[in-house]
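So the protein sequences, as listed, match chains R and D. Take 19 as the starting number for the first sequence in the working numbering and just add one per residue. Take 33 as the starting number for the second sequence in the working numbering and just add one per residue. Below is one structure, written out as structure tokens, with a few remarks after it.
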Amino acid sequence: ETGVTQTPRHLVMGMTNKKSLKCEQHLGHNAMYWYKQSAKKPLELMFVYNFKEQTENNSVPSRFSPECPNSSHLFLHLHTLQPEDSALYLCASSQDRLGQPQHFGDGTRLSIL
Amino acid sequence: GQQLNQSPQSMFIQEGEDVSMNCTSSSIFNTWLWYKQEPGEGPVLLIALYKAGELTSNGRLTAQFGITRKDSFLNISASIPSDVGIYFCAGQLPTAGGTSYGKLTFGQGTILTVHP
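Next up, the structure:
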């Protein structure tokens, strides 16, 4: 499915680096989400944006900083990450109506050295 | 927070066998979704369920929304090697206040391996 595109697909960074993950959706949705997927754990919701406004922050450390300039684009800025932050970061989008399913990108595989 | 208990955690089956997996919760959900994730890809929506008791098929896949609204089942008939992947259930809670976005709670996933 190419409706939600994430870049880069893979990222290796040191703990002192600053990098950004990008997500773009071409589905006309108005809600976007960041998830963290670690091995043997359920998907963890990190942030929710609804019409560009952040509506949820699930106690995510401040070293993760989201940005949503418009309904089609979502960024996750990374700074001073820890080894336990290594995971697959998934972006999703949906219509802002109850019952509308989320559509996922293929994720960015992040490795922290 | 809300939790979904998905079982089994993993399955090893022979090609041609049928597969069943389920999710249960202590909370009532308005919507149940089933996703499949293959290696190196994001989850892909398989089936969406919107009413208690609803039974929906997508090819060889059939899913049901439990009558109590606290559980859901996914069945795969006559499995084939390309069914390999991780299957996730997800439930959407009734919203409160003015929040209307589709926040989902995910199960832990069922890892399916199909031997030719």
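Here a beta-carbon is modelled for each residue, glycine too, at the ideal position from N, C-alpha and C. Keep in mind that this is a model prediction, so the values were computed, not measured.
Exercise. Could you please give me the residues that DSSP links to proline 84 of chain R through a beta bridge?
Key: Here residue 84 of chain R corresponds to residue number 66 of the first sequence, with the count starting at 1. According to DSSP, which records beta bridges pairwise, proline 84 of chain R is partnered with R:Leu94.
Quiz item: Under the three-state reduction of DSSP, which class applies to aspartate 124 of chain R: helix, strand or coil?
Solution: Along the first sequence, read from residue 1 onward, the residue named residue 124 of chain R stands at position 106. Reduced to three states, the DSSP call for aspartate 124 of chain R is coil.
Quiz item: What residues in its chain sit with their C-beta under 7 Å from that of phenylalanine 82 of chain R, if we drop five residues either side in the sequence?
Solution: In the first sequence, the residue the question calls residue 82 of chain R occupies position 64. Once the five neighbours on either side are set aside, the close Cβ partners of phenylalanine 82 of chain R are Met64, Leu94 and Leu96.
Quiz item: chain R partners of lysine 135 of chain D, CB-CB under 8 Å?
Solution: Taking the second sequence and counting its residues from 1, one reaches residue 135 of chain D at position 103. Going along chain R in sequence order, the residues near lysine 135 of chain D (Cβ under 8 Å) are Leu63, Val66 and Glu74.
Quiz item: Checking contacts by CB at 8 Å: is phenylalanine 122 of chain R closer than that to chain D?
Solution: By one-based count along the first sequence, residue 122 of chain R stands at place 104. Interface residue, yes.
Quiz item: So is tyrosine 82 of chain D in contact with chain R if we call contact Cβ pairs under 8 Å?
Solution: Here residue 82 of chain D refers to the residue found at position 50 of the second sequence. Closer than 8 Å to some Cβ of chain R, the Cβ of tyrosine 82 of chain D qualifies, so yes.
Quiz item: Which of the residues in the region 98-123 of chain R, read from start to end, lie with their CB under 9 Å from any CB of chain D?
Solution: Leu106, Leu108, Cys109, Ala110, Ser112, Gln113, Asp114, Arg115, Leu116, Gly117, Gln118, Pro119, Gln120, His121, Phe122 and Gly123
Quiz item: Whose Cβ in chain D lies nearer than 9 Å to the Cβ of proline 26 of chain R?
Solution: Position 8 of the first sequence, counted from the first residue, corresponds to residue 26 of chain R. Per Cβ cutoff of 9 Å: no residues; proline 26 of chain R is ~13 Å from chain D at best.
Practice problem: Find out if the Cβ-Cβ distance for the pair tyrosine 53 of chain R, glutamate 62 of chain R is shorter than 8 Å. | Solution: Within the first sequence, residue 53 of chain R is the residue found at index 35, counting from 1. Within the first sequence, residue 62 of chain R is the residue found at index 44, counting from 1. Yes.
Quiz item: Are the C-beta of leucine 77 of chain D and some C-beta of chain R separated by less than 8 Å?
Solution: By one-based count along the second sequence, residue 77 of chain D stands at place 45. At least one chain R Cβ lies under 8 Å of leucine 77 of chain D.
Quiz item: So, does the CB of glycine 85 of chain D fall closer than 8 Å to a CB anywhere in chain R?
Solution: Your numbering for residue 85 of chain D matches position 53 in the second sequence. With 8 Å as the cut-off, glycine 85 of chain D does not count as an interface residue toward chain R.
Practice problem: Locate the beta strand (DSSP E) running through threonine 73 of chain R, then write down its first and last residues. | Solution: Numbered from 1 along the first sequence, position 55 holds the residue referred to as residue 73 of chain R. Element bounds for threonine 73 of chain R: 71-75.
Quiz prompt | Own chain, CB closer than 7 Å to glycine 130 of chain D, minus 5 neighbours either side, in chain order | solution = For the purposes of this step, residue 130 of chain D is taken as the residue at position 98 of the second sequence. Note that glycine 130 of chain D scores a pLDDT of 46, beneath 50, so its modelled location is shaky; the value from the coordinates is reported in the next line. Correct list: empty, nothing qualifies.
Exercise. Give the DSSP bridge partners of glycine 107 of chain R, in chain order.
Key: Start at 1 with the first residue of the first sequence, and residue 107 of chain R comes out as number 89. Residue identity check: residue 107 of chain R is tyrosine in the sequence provided, not glycine. Paired residues: R:Lys54 and R:Thr126.
Quiz prompt | Sheet register partners of valine 66 of chain R (DSSP bridge) | solution = Locating residue 66 of chain R in the first sequence gives position 48, counting from the first residue. Its beta-bridge partners are R:Tyr51 and R:Glu74.
Practice problem: Report yes or no: is there a C-beta of chain C within less than 8 Å of the C-beta of proline 87 of chain R? | Solution: Absent from the structure is chain C; the protein chains it does hold are R and D.
Quiz item: Exposed or buried, which one is serine 89 of chain D when buried takes at least 16 other CB atoms within 10 Å?
Solution: Residue 89 of chain D sits at position 57 when you count from the first residue of the second sequence. By the neighbour-count rule (16 or more Cβ atoms within 10 Å), serine 89 of chain D is not buried but exposed.
Quiz item: Looking only at DSSP bridge pairs, what is glutamine 124 of chain D linked to?
Solution: Here the question's residue 124 of chain D lines up with position 92 in the second sequence. Note: glutamine 124 of chain D sits in a beta bridge opposite D:Thr63 and D:Leu136.
Practice problem: Quick one: using the 10 Å Cβ neighbour count with 16 as the cut-off for buried, is proline 71 of chain D buried or exposed? | Solution: The sequence position of residue 71 of chain D within the second sequence is 39, counting from 1. The residue in question, proline 71 of chain D, is exposed, as its Cβ has fewer than 16 Cβ neighbours within 10 Å.
Quiz item: Going by DSSP, which residues form a beta bridge with lysine 37 of chain R?
Solution: Against the first sequence, residue 37 of chain R aligns to sequence position 19. R:Leu96, per the DSSP bridge assignment.
Quiz item: Do you know whose CA, among D:His147, D:Thr142 and D:Pro148, lies nearest lysine 58 of chain R's CA?
Solution: The residue labelled residue 58 of chain R in the question sits at position 40 within the first sequence. Nearest option by C-alpha distance: D:Thr142.
Exercise. Apply the 10 Å Cβ neighbour rule to arginine 101 of chain D and answer buried if 16 or more other Cβ atoms are within range, or exposed otherwise.
Key: Looking up residue 101 of chain D in the second sequence gives position 69. Arginine 101 of chain D should be labelled buried.
Quiz item: How is the beta strand (DSSP E) around alanine 95 of chain D delimited, first residue to last?
Solution: Position 63 of the second sequence, counting from 1, holds the residue named residue 95 of chain D. From DSSP, the beta strand (DSSP E) with alanine 95 of chain D extends over 93-97.
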